[in-house]
Amino acid sequence: MIAVTLSASTQAKLWYWQRISAMVLALCVLVHLGVMIYAVRGGLSAAEILGRTRGSLVFGAFYTVFVLACTVHVPIGFARVCEEWLGLKAGGAWLLAKLLGLAILVMGLRAVYGVVA
Amino acid sequence: MSATLKVKVWRGKTSGGFVDYEVPRLESQTVLDVVTHIQRHLDPSLSYRFACRVGMCGSCAMTVNGVARWTCRTHVSKVAEGDALEIAPLSNLPVIKDLATDMREFFDKWAKGHGQFKGTRTRHEGFAQVRPDSRERAAANAGIECIGCGVCYASCDVVTWRPDFLGPAALNRAWTLVNDVRDTAQRERLQAVAGDVGCHACHTQGSCSERCPKQIEPTAGIAGLKRLAARAAVRGELE
Numbered sequence: 000m001i002a003v004t005l006s007a008s009t010q011a012k013l014w015y016w017q018r019i020s021a022m023v024l025a026l027c028v029l030v031h032l033g034v035m036i037y038a039v040r041g042g043l044s045a046a047e048i049l050g051r052t053r054g055s056l057v058f059g060a061f062y063t064v065f066v067l068a069c070t071v072h073v074p075i076g077f078a079r080v081c082e083e084w085l086g087l088k089a090g091g092a093w094l095l096a097k098l099l100g101l102a103i104l105v106m107g108l109r110a111v112y113g114v115v116a
Numbered sequence: 000m001s002a003t004l005k006v007k008v009w010r011g012k013t014s015g016g017f018v019d020y021e022v023p024r025l026e027s028q029t030v031l032d033v034v035t036h037i038q039r040h041l042d043p044s045l046s047y048r049f050a051c052r053v054g055m056c057g058s059c060a061m062t063v064n065g066v067a068r069w070t071c072r073t074h075v076s077k078v079a080e081g082d083a084l085e086i087a088p089l090s091n092l093p094v095i096k097d098l099a100t101d102m103r104e105f106f107d108k109w110a111k112g113h114g115q116f117k118g119t120r121t122r123h124e125g126f127a128q129v130r131p132d133s134r135e136r137a138a139a140n141a142g143i144e145c146i147g148c149g150v151c152y153a154s155c156d157v158v159t160w161r162p163d164f165l166g167p168a169a170l171n172r173a174w175t176l177v178n179d180v181r182d183t184a185q186r187e188r189l190q191a192v193a194g195d196v197g198c199h200a201c202h203t204q205g206s207c208s209e210r211c212p213k214q215i216e217p218t219a220g221i222a223g224l225k226r227l228a229a230r231a232a233v234r235g236e237l238e
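Protein chains in written order, with numbering that gives the first Met the number 0: chain B, 0 to 116; chain X, 0 to 238.
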């Protein structure tokens, strides 16, 4: 169910969720970049990456958290962009945002599964 | 310093155009002096607004070379590009004529954001005592010197994108009252300033704080409102 306009309470909670997810993302991005820079020192191949990630619970858990934080963070900001730059009403903006969130969740978790399983 | 300024001034309403004037350049000349010279000596039909000329009344703000400024306290030497000045009405407000904008919506939004003080004491009771060094008093002090010039409102992109957005000045006013320990309408005020017409629409770009001639930081007040609103929402005190 998509409300046409969101209540002040919902807006305030969304802001809170976006802030929390931003904190998680800030940490995830730093770790992600750090590991990436460390890992590519001796060259990079698909086999090498998969060798490290396959069966690794730590990799799986870390990137699952990363994907979940994106799933929370991106749609909230995207809905604002739709409202303010594309001129959509709240209903249309949130429908698009939820679809984007769903796509991020499915594609992200699928990618995590792909490198870990 | 050349002897004359080449000044482009907006003439008309929403539709209109810039008209060129040549104005003698003087020492310590303000942008308001330039506009006044044009009206008194070159074209008496030019409309603009001013009152105090000393940065107190907040009525003379205009867009000078693309930036909203209080013109009475803006020296030409600081803003002229060579000897060129472009003077336009404030953005984000309807133009009445030439450089005069309709400020009604701007001030109506202060009222919408519950910008009125509401207390309980009567004249028969003693004065409320507020410690000058308390956190609330310091926060209120930081925003209380607003002169209502509209520079922040004209500089805010969110006002352009969301015409319903209350804007930095109204939210700054609400923030000063949120920090007024005598005020009794806190819950209603927070309800009025939360959500996407209020503090949650702000992107923290900071143009308001950058351009406020009184060095107020509405961005900081708006961030404070967001924190309070989030706390109230989590506690179920917000609808």
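Glycine included, every Cβ here is placed at the ideal spot set by N, Cα and C. All of these numbers come straight from a predicted model, not from anything done at the bench.
Item	Value
Within-9 Å CB hit, Y152(X) to chain B	no
Beta carbon of T147(X) nearer than 9 Å to that of A173(X)	This sequence places Gly at residue 147(X); Thr is not what is there. Cβ atoms of G147(X) and A173(X): not closer than 9 Å.
Status (buried if at least 16 other CB within 10 Å, exposed otherwise) for T218(X)	buried
Contact list for K225(X) against chain B, beta-carbon separation under 7 Å	W14
Cα-Cα separation, S206(X) to R103(X)	22 Å
Buried versus exposed call for M0(B) [16 or more other C-beta atoms within 10 Å across all chains shown]	Reliability fails at M0(B), whose pLDDT of 40 lies under 50, so the model's placement of it is uncertain and no value is given.
Buried versus exposed, by CB contacts within 10 Å (16 or more), I36(B)	exposed
Neighbour-count burial assignment, W14(B), 16 or more Cβ in a 10 Å radius	buried
Other residues of its chain near K12(X): CB distance less than 7 Å, five sequence neighbours each side excluded	V94 and K96
Test item: CB-CB of G220(X) and N171(X) under 9 Å	yes
Pairwise C-alpha distance: S90(X) and V150(X)	9 Å
Segments assigned alpha helix (DSSP H), at least 4 residues, entirely inside the region 71-158 of chain X	75-78, 103-111, 134-142 and 150-154
Cross-strand partners of Y20(X) (DSSP beta bridge)	V6(X)
Distance between S20(B) and A38(B) (C-alpha atoms, nearest Å)	26 Å
Residue environment, G16(X), which counts as buried when at least 16 other CB atoms sit within 10 Å	exposed
Per-residue burial, Q10(B) [other beta carbons within 10 Å of its own, 16 or more giving buried]	buried
With 16 other Cβ atoms within 10 Å as the buried cut-off, status of S58(X)	buried
Local Cβ density within 10 Å of A25(B), reported as buried at 16 or more and exposed below that	exposed
Test item: CB-CB of D82(X) and K7(X) under 9 Å	no
Outcome for F126(X) when other beta-carbon atoms lying within 10 angstroms are tallied against a minimum of 16	exposed
Nearest-angstrom Cα separation, counted from L224(X) out to E238(X)	15 Å
Contact belief for R68(X) with G54(X) at Cβ below 8 Å, rounded distance in angstroms	R68(X) to G54(X), Cβ: 11 Å. No contact.
For M22(B), the three-state DSSP class (helix, strand or coil)	helix
C-beta atoms of H199(X) and A193(X) nearer than 9 Å	yes
DSSP three-state assignment for W84(B), whether helix, strand or coil	coil
Buried versus exposed, by CB contacts within 10 Å (16 or more), C51(X)	exposed
Length of the line joining the Cα atoms of R48(X) and E85(X)	17 Å
Local Cβ density within 10 Å of V233(X), reported as buried at 16 or more and exposed below that	exposed
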